[in-house]
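Each remark here refers to the structure printed beneath this line.
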Amino acid sequence: MTATFLLATALLGVLAGAVLLYGGTSRQNLLPRSLAAAPSLLGAAVFLLVAGAALQPLMAPLTAFFTELVLLMTLLIALPIVAALRKGRGR
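Numbering (my numbering), first residue to last: 2 to 92.
What follows is the structure, encoded as structure tokens:
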């Protein structure tokens, strides 16, 4: 039960961190308006730290770091693709 909660917290933290990182960029096309860069980056850092802390009891620290990194990179690759698909449907 605790492991499931920690894993869900980690996944949601990485998802929120990736969305905030992408939303803080000036070239994002997913959100209707650009978010302010500084609060967005600070929020992303907080969510990613929470996700990393949630993964620590489940696996070795280095494994947790690379797991979080792989999830983050996957989402940061997927978000521009989703934005492009969404923009293409709006025409």
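C-beta: ideal position from N, C-alpha, C; glycine also.
Item	Value
Does DSSP put G25 in a helix, in a strand, or in coil?	coil
If you draw a straight line from the alpha carbon of K1 to that of S41, how long is it in whole angstroms?	As displayed, the chain neither begins before 2 nor continues past 92, which places residue 1 out of reach and without an answer.
Assign F67 to one of two classes, buried (16 or more other C-beta atoms within 10 Å of its C-beta) or exposed (fewer than that).	exposed
State the Cα-Cα distance for the pair P81 and M60, rounded to the nearest angstrom.	30 Å
Using the Cα positions of A54 and V83, report the straight-line distance between them to the nearest angstrom.	28 Å
Please classify A79 as buried or exposed, where buried requires at least 16 other C-beta atoms within 10 Å of its C-beta.	exposed
So what's P58 in DSSP terms, helix, strand or just coil?	coil
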